[in-house]
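Letter 204 of the sequence shown, counting from 1, is numbered 927 in my numbering, and no numbers are missing. Data block below; observations after.
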Amino acid sequence: MVQLYNLHPFGSQQVVPCQLEPERFCGGGRDALFVAAGCKVEAFSVLGPELCQPRCTFSTLGRVLRLLYSEPGDYLVTIEEKNQATFLRAYVNWRSKKKENSRVCIRMLGHHLETPFNDSFRDQMSIVEMPLAETPLCISCCPVKGDLLVGCANKLVLFTLKYRSVSDTLSLVDFERSLIVHIDSITPVEISLCLGYIAVMSDLEVLILKLESDSKHPESAYHRPHKTSDPLRQAVGLRDESPQLESDDFVFCQKPLELLGEKSEQSGLSVTLELTGLTEEKVKDFHVQHLLYRRFTPDISSFELLGDVRLHSLQLLPILHTGSLASDEKHSSQEKDLLSLFCFFSLPHVGYLYMVVKSVELMSVYQYPERSQQAALTPHFLHVITSNNLQCFTVRCSAAVAREEDPYGDSTMQACPPVSMDVCALRIQLFIGLKALCHFQNHLILLTKAVPEGPPQRRPHFRKGSTLGKLRNSPAAEVGWNLYVVNTISPVQLYREMIEYSNTYKMTKTQSCIHLLSEAHLLVRAALLDAAQLEPGEKAELLEAFKESCGHLGDCYSRLNTQHCHLALPYYKMSGLSMGDVLARRDWAVDCESQSYEKGLLFYINHSLYENLDEELSDQLAVKVVEMFFMAEPKQLPHILCTPSMKNINPSTALNYLSKLDSSQCSPILVTLTKAAMALKMGDLDMYRNEMTSHSEMNLVYGFILEPRLLIQQRKGQMVPTEFSVHLKDTRPGLLVASILGLLRNSHIGVEEADSFFKVLCGKEEGATPQLLVDFWEAQLVACIPDMVLEELFLKLTTQYIWRLSNKQAPDTTPLRTAEDLISACGHYGLVSPWVNVLISCDPLPDKNYAEDLAKLQSLICGPSFDIASIMPFLEPLSEATAAGLSIHVLCRTRLKGHEQCIDTLLERCPEAIIPYANHELKEENRTLWWRKLLPELCQRIRRGGENCQLYLASLKETLSVVAVELELRDFLNVLPEDGTAAFFLPYLLYCSRKKSLM
């Protein structure tokens, strides 16, 4: 369906003062228009104040059949006919042609001139002759690289643009015949070339190919024919090769067919590549990829002549990455710069627009109200001419490009009108006798020829304020033909008119308003695609229009209750409007009268508030938001009141709305906590206590999980504790720690964010660690949170314990759990070995806090999950001079299997602990240390005497008791010291002998 609007995309026109009736014409880059008539080509200026002024004239070899300009290389290529012979010629350096009779250099393709080049040659136009074995039928130039493609019967010839250096300061534009594409059973009527993509069109067939090199597929060789697989084509023969099958009584018509992607190889067309200029390395992997084949069949029932039903206006339109092209035209852009490519072709009453990069798909179908003669596609519009009308249709290229750049573009942050949106006609402008159309830059070139016996030619009517060129009194005007240059108005000017036009639909037809605003939005997007070519002022104006269009679209979608109402959010985000600006744009009087608020507006406000914006709404707007959600979505009201943007809400007003909520509309626990927060804000502690005591602590934790912003809010990207959190820190720190732990378990907050929260809450510097944070770490171990990294948590706790013990630093608040609590509740805290208590009793501890930290550290080291090696580098501050430090070091060495070193240390520092240590640690594989290490050490120290001799002696007796039980008599005798007295060891020898006899 095509919608029609009466807008004014055409701003002014001017008549081109041609001397002869134009036969062919084309645009020349940014500043020239070429008109061919007879054996002469006239160039006119179409830039600046000299619009439509003659620039130069040069003669051709014969009558010009085809005429085309290439901006890369700045050359004009023609197909000329003379004496029933056809020639292909390229006119280079035409800008230096000042006079028609000035000298011209003619050279053959690829041939070097033997005459030495001088400075005069630099200012001389040259003509490159390109001989062909077949008659050239059509031509196309790559708009990016400047390569030339020539269509002949059943073949295409590709000429690569070259720059041949003839001196240090001079290079010549030349061509190299590099490739021939043989396409059997199709005669090209029109062709198009762009960055390796080739489109070929016959009367009723379209084929799109891609020439590429793929080293991964050597089997796809450059000689790759596709055999005919169409049974109907095989049955009736080829159209051009079997005329005998057609008669006056029968017309053979094949079925309509559309093949996309790889399926297009089944079209029955044989495609073969013949390399003529590429090197052998490139030949190996060069092949053809089929993208699209479409075949049409004339509708016999329409009573139209079959010869009049044929395709026309084939065109490939590239969209490149903004600013990707090099400034030097000698260095052409590579294919990687191509962002999207579109192909257009048309039947007399229907036009088809395809996207052919990455995936091939039909984007839009254009239904013309009248029979079309020619069409021109641009990134902004599709221009179509009929016999008496110039029509301007919208296109979806910018929408397709937006999705090509970001396939997931439709999100909460950005959006774009869909490609599938109905196209519309912006204008149908009257011109009498339209014959041909050409477009370049912001100009449309129209050729009109009036019927001699018809009424006098009418001038097209333009809107008020248009700059109309005056008709020149020339002999050509009396003949009945004219060549017009019609200028399209600037995108911003047309955008303003579309916005003004959309106001007529604003309050009545929302969908129509959205459609027209979407067209305006896409128009600005299309203009921004070529941002590198815009002046800074133009770009700034377009960007402002882009944001404004997003705001208008947001306004429309915010008034919807349909499934598309969510688009209000991304469009408002793209507009740059703040939430206050959006609310200020609303007509609250109308909303209050209807007592209803649309889903689009509610969706936008709800999501904006959930994004923790730094913006704070005024008291009046905040009250309006509360009223809106109380009426439309009461269950969201507590969540809305907890957002940072609602900071300025009057707490008494908020409590008034909260008290009206029914328990079935919202969670009672969440309502209670929100009331408590508002009571704190008012300073009413009695109300606060009443609310907090109405639920158990477990339920309160659940309430905080439902709405984390009661405790934590984000401002300028930083975690900020709320007033509620500060109050809980001073009054109920256990509830606060449990609540933050609940947020962590439910992924409402990260580990680093939680650590930062406690540091900010307790007012500690970056390096300091408050006790509340240590309590939180301990609570994480107790809770055993899934996916928790134990090593990092162990490291945090042990380094904090060690720092406090080494600096004798007491915690800033009372710890929530003792060592006994942690051992009972957490499997990661193990029972402390008995010998550790004996060791600690040798040296009194400073205070209770010190003892608790030491017990927690010892218990953690004794736990089953702790990695001792990770803590060893951090033990240096904990001196072994104290019993506390010694216990930690000995515990760590024991866990690392350093029992012999531990025995030496305990015998030297605390002999009382050696037997408890041995009983607890020297088991299983360490059992032999009783007689290999401990027994000899004790005997040696007893012999040396000293103040600890009695302790050593008592330890020796315990050791001998164990050794006598464990060893046989002979083994026991072997381990006894050689210089010992038999009387001392006699009781143990007797015990060993009795044990032997009993066995």
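Idealized CB from N, CA, C, for every residue including glycine. As the structure is a prediction and not an experimental result, all values here were calculated from the model.
Determine the extent of the beta strand (DSSP E) in which residue i is found, giving its start and end residues.
{"i": "asparagine 1205", "result": "1204-1211"}
{"i": "aspartate 897", "result": "894-906"}
{"i": "phenylalanine 733", "result": "733-738"}
{"i": "serine 1298", "result": "That residue, serine 1298, is in no beta strand (DSSP E); its alpha helix (DSSP H) goes 1291-1298."}
{"i": "glutamate 852", "result": "848-852"}
Apply the 10 Å Cβ neighbour rule to residue i and answer buried if 16 or more other Cβ atoms are within range, or exposed otherwise.
{"i": "tyrosine 1732", "result": "Because the chain is modelled from 724 through 1722, residue 1732 falls outside the range shown and cannot be assessed."}
{"i": "methionine 1415", "result": "buried"}
{"i": "arginine 1248", "result": "buried"}
{"i": "histidine 1612", "result": "buried"}
{"i": "tyrosine 886", "result": "exposed"}
{"i": "glycine 1486", "result": "exposed"}
{"i": "alanine 1049", "result": "At alanine 1049, the pLDDT of 33 sits below 50, so the modelled position is not reliable and the matter cannot be decided from this model."}
{"i": "glutamine 1286", "result": "exposed"}
{"i": "proline 1710", "result": "exposed"}
{"i": "isoleucine 829", "result": "exposed"}
{"i": "serine 874", "result": "Serine is not the amino acid found at residue 874; the sequence shown has glycine there. By the neighbour-count rule (16 or more Cβ atoms within 10 Å), glycine 874 is buried."}
{"i": "arginine 1018", "result": "buried"}
{"i": "proline 941", "result": "Here proline 941 scores only 43 on pLDDT, less than 50, and its place in the model is too uncertain to base an answer on."}
{"i": "threonine 1651", "result": "exposed"}
{"i": "cysteine 1549", "result": "buried"}
{"i": "valine 1088", "result": "exposed"}
{"i": "cysteine 1139", "result": "buried"}
Closest to residue i by C-alpha separation, out of the options, would be which residue?
{"i": "histidine 1551", "options": "Phe1517, Ser1298, His1612, Ser1368", "result": "Phe1517"}
{"i": "phenylalanine 1067", "options": "Asn1226, Thr1109, Val1555, Leu1015", "result": "Leu1015"}
{"i": "alanine 1355", "options": "Leu1384, Ile1372, Thr783", "result": "Leu1384"}
{"i": "serine 1110", "options": "Leu1169, Arg818, Ala1123, Asn1572", "result": "Leu1169"}
{"i": "glutamine 737", "options": "His1287, Val1349, Ser768", "result": "Ser768"}
{"i": "leucine 1658", "options": "Pro1700, Lys933, Glu1631", "result": "Pro1700"}
{"i": "methionine 848", "options": "Ser782, Arg900, Lys868, Leu860", "result": "Ser782"}
{"i": "serine 894", "options": "Cys741, Ala1098, Gly796, Ile802", "result": "Gly796"}
{"i": "serine 1368", "options": "Lys1439, Thr910, Gln1388", "result": "Lys1439"}
{"i": "threonine 995", "options": "Pro1041, Leu932, Glu1575, Ile1042", "result": "Leu932"}
{"i": "serine 1462", "options": "Glu1430, Glu1475, Gly761", "result": "Glu1430"}
{"i": "valine 1443", "options": "Lys1482, Asp1453, Leu1451, Ser1470", "result": "Lys1482"}
{"i": "lysine 1262", "options": "Ala1250, Cys1273, Ser1448, Met1401", "result": "Ala1250"}
{"i": "lysine 1571", "options": "Cys1565, Phe1589, Ala1542, Cys1279", "result": "Ala1542"}
{"i": "glutamate 1446", "options": "Gly1406, Glu899, Gly771, Glu1321", "result": "Gly1406"}
{"i": "leucine 727", "options": "Ala1477, Thr1605, Met1595, Val1146", "result": "Val1146"}
{"i": "isoleucine 1665", "options": "Ile862, Ser1678, Gly1274", "result": "Ser1678"}
{"i": "glycine 1156", "options": "Val1118, Leu1206, Leu927, Leu1149", "result": "Leu1206"}
{"i": "isoleucine 1392", "options": "Glu1128, Met1421, Glu1271", "result": "Met1421"}
Check the DSSP bridge columns for residue i and list the partner residues they point to.
{"i": "cysteine 861", "result": "Gly874"}
{"i": "threonine 1117", "result": "Phe1104"}
{"i": "serine 768", "result": "Ala755, Gln776"}
{"i": "proline 1041", "result": "Leu1064"}
{"i": "isoleucine 1435", "result": "Pro1444"}
{"i": "glycine 1074", "result": "Ser1069, Tyr1089"}
{"i": "asparagine 1112", "result": "Leu1153"}
{"i": "isoleucine 802", "result": "Arg789, Leu811"}
{"i": "phenylalanine 1269", "result": "In the DSSP output, where bridge partners are listed per residue, phenylalanine 1269 has none listed."}
{"i": "arginine 1282", "result": "According to DSSP, which records beta bridges pairwise, arginine 1282 is partnered with nothing at all."}
{"i": "serine 1417", "result": "Note: serine 1417 sits in no beta bridge, so no partner."}
{"i": "lysine 1482", "result": "According to DSSP, which records beta bridges pairwise, lysine 1482 is partnered with nothing at all."}
So residue i and residue j are supposed to be a Cβ contact under 8 Å. How far apart are they, rounded?
{"i": "tyrosine 798", "j": "valine 815", "result": "5 Å"}
{"i": "leucine 902", "j": "leucine 881", "result": "4 Å"}
{"i": "valine 1686", "j": "valine 1698", "result": "7 Å"}
{"i": "leucine 1340", "j": "glycine 1299", "result": "Between glycine 1299 and leucine 1340 the Cβ distance is about 17 Å, and since that is not below 8 Å, they are no contact."}
{"i": "alanine 1098", "j": "serine 1036", "result": "4 Å"}
Starting from residue i, follow the alpha helix (DSSP H) in both directions and report where the run begins and ends.
{"i": "phenylalanine 1723", "result": "Residue 1723 cannot be examined here, being either before or after the span of the chain that is shown, 724 to 1722."}
{"i": "isoleucine 1546", "result": "1542-1548"}
{"i": "valine 1394", "result": "1391-1405"}
{"i": "tyrosine 1333", "result": "1322-1333"}
{"i": "threonine 1522", "result": "1513-1530"}
If we define contact as Cβ-Cβ less than 9 Å, is residue i a contact residue for chain B?
{"i": "cysteine 1565", "result": "The structure shown contains no chain B; it holds only a single protein chain."}
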